[in-house]
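Sequential numbering from 1 applies to the sequence shown in UniProt numbering. Worksheet for the structure shown next.
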Amino acid sequence: MSLGSGSQRQFCGPCHGAPLPLSLLVQAQVLALALSQGALPAFLPCEFQAPDYINCEWLFLLSVPHFSASSPRENITKLSLSCNRIRHLHNSDFAHLPGLRWLNLKWNCPPSSLSIMHWACHMTIEPHTFLAVPTLEELNLSYNNITTVPALPHSLRTLSLSRTNILVIDAASFRGLHALTHLYMDGNCYYQNPCGRAVQVAPGALLGLHNLTHLSLKYNNLTAVPRDLPPGLHNLLLSYNRIVSLGPADLANFTALRVLDVGGNCRRCDHARNPCVECPPGFPQLHPDTFSSLSHLEGLVLKDSSLSSLDTRWFRGLGNLSVLDLSENFLYDCIQNTTAFQGLRKLRKLYLSFNYHKGVSYAHMTLAPSFGRLRALEVLDMTGIFFRELSESTLRPLARLPVLQTLKLQMNFINWAQLSVFQAYPSLRQVDLSNNRISGPLGSNASTWEVGAGGANWRPAGHLAPDPRDAPSSEDFMLNCKNLSFTLDLSRNNLVTIEPEMFAGLSRLQCLRLSYNSISQVNGSQFVLLTSLQVLDLSYNKLDLYHGRSFTELPCLRALDLSYNSQAFTMQGMGHNFSFVAQLPGLRYLSLAHNAIHSRVSPELRSASLRALDFSGNALNRMWNEGDLYLRFFQGLSQLVSLDLSRNHLHAVLPHNLGHLPRSLQRLRLQDNYLAFFNWSSLTLLPRLESLDLAGNQLKALTNGSLPADSRLRRLDVSRNRINFVALGFFAPATQLQELNLSRNALRTLDPSWFGARVALNKALKLASGSMDSCLMVWHMKPQSRAYRFTGHKDAVTSVNFSPSGHLLASGSRDKTVRLWVPNVKGESTVFRAHTATVRSVHFCSDGQSLVTASDDKTVKVWSTHRQKFLFSLSQHINWVRCAKFSPDGRLIVSASDDKTVKLWDKTSRECVHSYCEHGGFVTYVDFHPSGTCIAAAGMDNTVKLWDVRTHRLLQHYQLHSAAVNALSFHPSGNYLITASSDSTLKILDLMEGRLLYTLHGHQGPATTVAFSRTGEYFASGGSDEQVMVWKSNFDVDYGDVTKGQRLPAALASSSRNLPEVDFHIPGRARSQESVQSVPREPASTPQALTSTLEHIVGQLDVLTQTVCILEQRLTLTEDKLKQCLENQQLIMQRVTP
């Protein structure tokens, strides 16, 4: 199981934002395994991320957690405790982890200058803290205020002590660490962690580390290369110190060195991004033979060193050099005439960026001929050198380089570019001309205008055919151009129009980026020469999509990004044409994101090839509110697999909306909308859906039904909502669910009951009942389980309610008290006293923290279950209050009273929001719809009424019973309502169609109460006949077709008095035990003659079943009399026996 944010945070410092709270990211399969063994995960509060890795990051821990002895501690090899508040490490902290090899303690007690609030902190490490872990191989103590190196085990291979206050390194610091290969001690004395001096490395202090190959001493104010370092070093990083002179003796012993970084020691400070000390005049001083002994050197960094020329002798003997970084120097003139590169025949990467003259932008630049000797060169970075014209002469020496792949020319103020020059570079894969001032049309040679024979019909071999396992991720929707053979980036220039001649000679181009320009028109002719183009990025422009032939000149187009082109879509009266999508037979990925699309567009997108569509950041709410005009907008995308509808201002996604999405859909994103309710049963309309992302909405509870049993859903993300309650067994039906993200909600615990039977918890269904005999009964539905009888009330029990977790049971009584029970064998209870008359109703809030009660003292009272105390009263009713309920999100309370009103209250302000006065008699019962958007109330006037709590409008009105309606209950799906009446019947209403489904007989007197189970699989009813009946509610399965395509009607024109009903008389009942009955399905429509016959049969069956009921009652009376006779006989025998 995983209890974390779902992504590892690598940085914890002040520049990376405030710490995030503990989240709940549940890997359902692992959770099921853990809970099936009868316990929560062994390493709470930490996150068990892999078989051997425990993540305890960002938990604000003050000490190292000690995991229980029953947990598999011996299997743990990796432990991360970074970004906590642990200031003291004890000798015993890690001794219970005998196999630990990797330990991260970064960012627990940072130096005050690195702390967000600059708080003083000092970390104490006891002598045997790490010695107690003889298997430890990697330890990170960076960003902690320690001043000495602690005692460390000899097994250590990698040690990080960066951004600490260790300022002195001597021979004792690392004594005995013969296995150490990597040592990082960066930033122990620099502008963010000042010390007022240089870090002192004593000569020979590290010489005993014979296996050390990687040493990093950056940002330490060093003024010279430390003496007598281990000769076997491969990597030596000394950048951003104050070493301004280097000679042969400084590096003479490093014959095995592969990488040397001495950049930033003598800085160029114009436009520096951090505090900078200008290089002194006459420096740096590099002896001609400085690097002469480094014959194995492969990487050399001399960036930001104020170099204005290159001495050819520096590079003598560096025949193995493959990477050279000379960026941020003063080499503009040197680049045009140097001979220093002639001997670097293995150089693959050369970085020359930002070698500009201060305040100067040159018209032309020509590379020195020596660049033509770099036969192995693959990457050349010429960013920020500042020249305005790019022509064939600019890059002429590069034309002879056989393997040149990447050319970076961005940020050079280029306003004229001859793009056709790149046809002379057959191996070139990427040219970056972004962030220049190119406005076009660009220069070209007439001879390159011609397209090769058959070129217009040529298609690549198909290596971009989408792999089902490699669909676009949510972060990177479009195809990655890194995998293509030739990419040209012209983004962030001044392009307004596109002319065909701009791309003359570039027929092999496969990826073209034109984002962040001002292009407004595309008509199907501009890209005619790009016959191989597969990816086109036109995001952040001003496109007017009106031409039906747009982009049809691109026969190989696979991915098209048209996002952030909102200007034309926000113009009033402008029409937009998407018909071009159907004419792109190879298009697989399309982005129309963030265009504010809301109207005057094609009513339907059509494509037989499109697999992924990003439609986020538009106004789909307005489109779906235009009747059926845009209802089928996505339906014509017959092969669509991924659809992103995030940030579309959606307040609801109704079943008929989902029903008109492509049935091929496997991934659906609905992030950052305004969804407070989701109809989970409607997911059956997307039979192939595997991933659903509802992050960043306004869901407050997962209660209305559960995930469909036949769902293929494997990933569900409901993070960043307001969820404070999850219904019992909500996730259980989704047997294929593997990843569940519940992070950043209002949940306080992880409850195994959410996963139901899947986690083998063996929690049986329980039923609680109260009675006039002042007792509570808790019934267990599991076969051969016992029922429990609880005593404590002094008068009749009027109401009972389980807490959401099932761990508490509340009851109200005529004895004026409320009791809170623990429903176990002991039956312990706590008494709440505040009411002055009969308590009629008790109900838990969805978070289980609050309880609301209603009483004949005309008040509604709210209690804290956690603190077991009275909180406040609501007292505007003028007669007995019969019922009070919390809304699913806990923000509202609704109450019903004998004053013939229903009142809606705001829990926070304790004010009455609205009063509903439509009932003609006492209001006996009231409850919230699972969505929280409407309420239903029952009355003594034989009616049931439903109101919208947002508009306070009457939605539906039913008058189906012949006597008072005493109770009602919503099915968790929200599609059905059941009522109990004094006419001895239960009635089930279909709220989708506003009609009666069933009338149920069974009670021999008034039916006084009814309630659905949390999952809706059962419902129970009680009556004055002293019977408790449990029914199996399979009607939601039989009426699946009804639930798929309907929405709750806004209103019902008149009462449902005359709607047809089908009576089913259910004779089965139980006395002091459960009786499980199945609700049959309503017959389909039949001819009139057959209907009459069926009605006659039903009537006869009704008489028959009533007769059976009477006979059963008489049999019961006979049994009772017989039992009484036997008991009397036993008493007589006992008296006679001497």
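Backbone N, C-alpha and C define an ideal beta-carbon position, used for all residues, glycine too.
Q: Put K900 into one of helix, strand or coil per three-state DSSP.
A: Against the sequence shown, residue 900 aligns to sequence position 900. The answer is coil: DSSP assigns K900 none of H, G, I, E or B.
(Q) Quick check: what's the CA-CA separation for T487 versus W416? (A) Position 487 of the sequence shown holds residue 487. Position 416 of the sequence shown holds residue 416. Taking the straight line from one Cα to the other gives about 19 angstroms.
Q. Expressed to the nearest angstrom, what Euclidean distance is found between the alpha-carbon atoms of L740 and L665?
A. Start at 1 with the first residue of the sequence shown, and residue 740 comes out as number 740. Start at 1 with the first residue of the sequence shown, and residue 665 comes out as number 665. The C-alpha of L665 is placed about 19 angstroms away from the C-alpha of L740.
Q. Ends of the beta strand (DSSP E) at F802?
A. Against the sequence shown, residue 802 aligns to sequence position 802. Element bounds for F802: 797-802.
Q.
Are the CB atoms of D304 and R268 within a distance shorter than 7 angstroms?
A. Counting from 1 along the sequence shown, the entry for residue 268 is found at position 268. Counting from 1 along the sequence shown, the entry for residue 304 is found at position 304. Yes.
(Q) Please classify V360 as buried or exposed, where buried requires at least 16 other C-beta atoms within 10 Å of its C-beta. (A) Residue numbering aside, residue 360 sits at position 360 when the sequence shown is read from its first letter. The residue in question, V360, is exposed, as its Cβ has fewer than 16 Cβ neighbours within 10 Å.
Q | Reduced DSSP secondary structure (H/G/I, E/B, other) of V1028 | A | As a first step, residue 1028 is located in the sequence shown; it is residue number 1028 there, counting from the start. Here V1028 sits in strand by DSSP.
Q.
At the level of alpha carbons, what is the spacing between G232 and L222?
A. Translated into the one-based positions of the sequence shown, residue 232 becomes position 232. Translated into the one-based positions of the sequence shown, residue 222 becomes position 222. Taking the straight line joining both Cα atoms gives about 21 angstroms.
Q: Could you have a look at M117 and say whether DSSP puts it in helix, strand or coil?
A: Counting from one through the sequence shown, the residue named residue 117 turns up at place 117. In this structure, M117 counts as coil in the three-state DSSP scheme.
Q.
On the CB-based measure, 16 or more other CB atoms within 10 Å of its CB, does F354 come out buried or exposed?
A. Here residue 354 refers to the residue found at position 354 when the sequence shown is read from its first residue. Buried, by the Cβ-count rule.
Q: Please work out which residues of its chain come closer than 7 angstroms, Cβ to Cβ, to A120, disregarding the five sequence neighbours upstream and downstream, and give them in chain order.
A: What you label residue 120 is simply residue 120 of the sequence shown in a count that begins at 1. S112.
Q | Identity of the residues DSSP links to K349 by a beta bridge | A | For the purposes of this step, residue 349 is taken as the residue at position 349 of the sequence shown. Answer is V323, V379.
Q) Do H598 and R622 have their CB atoms nearer than 7 angstroms? A) Position 598 of the sequence shown, counted from the start, is the residue given in the question as residue 598. Position 622 of the sequence shown, counted from the start, is the residue given in the question as residue 622. For H598 and R622, yes; Cβs fall inside 7 angstroms.
Q.
Rounding to the nearest angstrom, what Cα-Cα distance links G812 and F48 in this structure?
A. The count along the sequence shown starts at 1 and reaches residue 812 at position 812. The count along the sequence shown starts at 1 and reaches residue 48 at position 48. Going from the Cα of G812 to the Cα of F48 covers about 43 angstroms.
Q. Since N140 is in the alpha helix (DSSP H), which residue starts that stretch and which ends it?
A. Here residue 140 corresponds to residue number 140 of the sequence shown, with the count starting at 1. Looking at the DSSP string, N140 is not in any alpha helix (DSSP H); the run it does join, the beta strand (DSSP E), is 138-140.
Q | Whether W754 touches V726 by CB criterion (7 angstroms) | A | The count along the sequence shown starts at 1 and reaches residue 754 at position 754. The count along the sequence shown starts at 1 and reaches residue 726 at position 726. Yes, these two residues count as a Cβ contact at 7 angstroms.
Q. Should K358 go down as buried or exposed, given a rule of 16 or more other Cβ atoms within 10 Å for buried?
A. Position 358 of the sequence shown, counting from 1, holds the residue named residue 358. So K358 ends up on the exposed side.
Q | Segment contact flag, the segment 161-172 with the segment 144-153, C-beta cutoff 8 angstroms, min 3 pairs | A | yes
Q) Thinking C-alpha only, which one of S420, A709, Q698 is nearest A746? A) Stepping through the sequence shown from its first residue, residue 746 is reached at position 746. A check of alpha carbon separations from A746 across S420, A709, Q698 identifies Q698 as the nearest.
Q. Would you say V862 and F872 are within 7 angstroms of each other, going by their C-beta atoms?
A. As a position in the sequence shown, residue 862 is number 862, starting the count at 1. As a position in the sequence shown, residue 872 is number 872, starting the count at 1. Against a cut-off of 7 angstroms, the Cβ pair of F872 and V862 comes out as a contact.
Q: Provide the residue span of the alpha helix (DSSP H) that contains M777, from first to last.
A: For the purposes of this step, residue 777 is identified with residue 777 of the sequence shown, where counting begins at 1. Segment 775-780 is the beta strand (DSSP E) holding M777; no alpha helix (DSSP H) there.
Q | Unbroken beta strand (DSSP E) run spanning Q956, endpoints | A | Counting from one through the sequence shown, the residue named residue 956 turns up at place 956. Segment 954-958, the beta strand (DSSP E) holding Q956.
(Q) Whole angstroms are fine: how far does the CA of W102 sit from the CA of S850? (A) Within the sequence shown, the letter at position 850 stands for residue 850. Within the sequence shown, the letter at position 102 stands for residue 102. S850 and W102 have their C-alpha atoms some 45 angstroms from each other.
Q) Buried or exposed: where does T908 fall if 16 or more other Cβ atoms within 10 Å of its Cβ makes it buried? A) For this step, residue 908 is matched to residue 908 along the sequence shown. Classification for T908: exposed.
Q | Close-in-space but distant-in-sequence residues of the same chain around S393 (CB under 6 angstroms, 5 per side omitted) | A | Stepping through the sequence shown from its first residue, residue 393 is reached at position 393. Here the set comprises T366.
**Q.** 3 or more residues per run - each beta strand (DSSP E) lying fully within the segment 61-142
**A.** 78-80, 102-104, 138-140, all fully within the segment 61-142.
Q: Using a threshold of 7 angstroms, state whether the C-beta atoms of V133 and F94 are closer than that.
A: Working through the sequence shown from its first residue, we reach residue 133 at position 133. Working through the sequence shown from its first residue, we reach residue 94 at position 94. Contact flag set, yes.
Q | Buried/exposed call for G519, threshold 16 Cβ in 10 Å | A | Numbered from its first residue, the sequence shown carries residue 519 at position 519. For the record, residue 519 in the displayed sequence is Ile; it is not Gly. The residue in question, I519, is buried, as its Cβ has 16 or more Cβ neighbours within 10 Å.
**Q.** Beta-carbon proximity check, E690 vs R663, cutoff 7 angstroms
**A.** The residue given as residue 690 occupies position 690 in the sequence shown. The residue given as residue 663 occupies position 663 in the sequence shown. No; because the gap between Cβ atoms is not below 7 angstroms, this pair is not in contact.
Q | Runs of alpha helix (DSSP H) wholly within the segment 574-659 (minimum 4 residues, chain order) | A | You should have 620-624, 655-658.
Q. According to DSSP, is F1013 helix, strand or coil?
A. Walking along the sequence shown from the start, residue 1013 turns up at place 1013. Note on residue identity: the sequence assigns Ser, not Phe, to residue 1013. DSSP places S1013 in coil when its eight states are reduced to three.
Q) Would you say the segment 177-192 touches the segment 205-225, given that touching needs at least three Cβ pairs under 8 angstroms? A) Judged by Cβ distances under 8 angstroms, the segment 177-192 makes contact with the segment 205-225, as three or more pairs qualify.
Q: Using DSSP bridges, identify the partner residues of L238.
A: Residue mapping note: residue 238 aligns to position 238 of the sequence shown, counting from 1. Paired residues: none, contrary to the question.
Q: Apply the 10 Å Cβ neighbour rule to T869 and answer buried if 16 or more other Cβ atoms are within range, or exposed otherwise.
A: Here the question's residue 869 lines up with position 869 in the sequence shown. Checking the displayed sequence, the identity of residue 869 turns out to be Lys instead of Thr. Looking at its Cβ environment, which holds fewer than 16 other Cβ atoms inside 10 Å, K869 is exposed.
Q. Buried or exposed: where does C917 fall if 16 or more other Cβ atoms within 10 Å of its Cβ makes it buried?
A. For the purposes of this step, residue 917 is taken as residue 917 along the sequence shown, with counting starting at 1. Classification of C917: exposed, given that the 10 Å Cβ count is below 16.
Q | Continuous beta strand (DSSP E) stretch holding Y788: start and end | A | For the purposes of this step, residue 788 is taken as residue 788 along the sequence shown, with counting starting at 1. 788-791 is the span of the beta strand (DSSP E), which, as asked, contains Y788.
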